[in-house]
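Everything below concerns the one structure shown next.
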Amino acid sequence: MKDAFYGIDVGSISTKGVILDEDNNILARDYLMTEGNPIKAVK
């Protein structure tokens, strides 16, 4: 099994997340509108 890494960028307008494997291949990604409430959106 390969290692995977999760990155997240939380902002007041949007939040972006990505999961990469150890070869920097994107396994999953998501873009979410936080609508001014980033804590609630990330939960």
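Heads up: the sequence shown begins at -15 in my numbering, then just goes up one per residue. Don't be surprised by glycine CBs; every beta carbon is placed ideally from N, CA and C. Every value quoted in this text rests on a predicted model; they were computed, and no experiment measured them.
Per DSSP, the bridge partner or partners of L16: As a working note, residue 16 is residue 32 in the sequence shown. Note: L16 sits in a beta bridge opposite T(-1).
My understanding is that S(-4) touches M17, with C-beta atoms under 8 Å, so please give their C-beta distance in whole angstroms. Counting from one through the sequence shown, the residue named residue -4 turns up at place 12. Counting from one through the sequence shown, the residue named residue 17 turns up at place 33. With 8 Å as the limit, S(-4) and M17 do not qualify as a contact, their Cβ atoms being about 11 Å apart.
Please name the residue in K27, F(-11), A25 whose C-alpha comes closest to that of E6. For the purposes of this step, residue 6 is taken as residue 22 along the sequence shown, with counting starting at 1. Nearest of K27, F(-11), A25 to E6, Cα basis: F(-11).
Are the CB atoms of G1 and D14 nearer to each other than 9 Å? Numbered from its first residue, the sequence shown carries residue 1 at position 17. Numbered from its first residue, the sequence shown carries residue 14 at position 30. For G1 and D14, yes; Cβs fall inside 9 Å.
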